[in-house]
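Per my numbering, the very first residue in the sequence shown carries number 9; after that it's consecutive.
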Amino acid sequence: MTETDLATPSLDAPSGSPALREQFAQVRTEVGKAVVGQDGAVTGLMIALLA
9 MTETDLATPS LDAPSGSPAL REQFAQVRTE VGKAVVGQDG AVTGLMIALL A
């Protein structure tokens with residue numbers, strides 16, 4: 009593998025298990041209750057925390 013291969017994410021990588029998706033949605037919903045009206049910001053925050 010080259011450095012380019014490591015830096016470029018694979019498009020055929022699995023996107024996560026259904027259980028993980030459900031947990032992510034539950035956490036996003038609960039955080040969204042405290043941060044009302046900022047769905048995009050909450051989603052971005054969750055992605056940043058898990059990245």
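Even glycine gets a Cβ: it sits at the ideal position worked out from N, Cα and C. If you're wondering where the values come from, they're calculated on a predicted model, not measured in any experiment.
When the alpha-carbon of residue 55 is set against those of 25, 27, 35, the nearest one is in 35. If you draw a straight line from the Cα of residue 25 to the Cα of residue 32, it is about 11 Å long. A straight line joining the alpha-carbon of residue 47 with that of residue 40 spans about 7 Å.
When DSSP states are grouped into helix, strand and coil, residue 59 belongs to the coil group.
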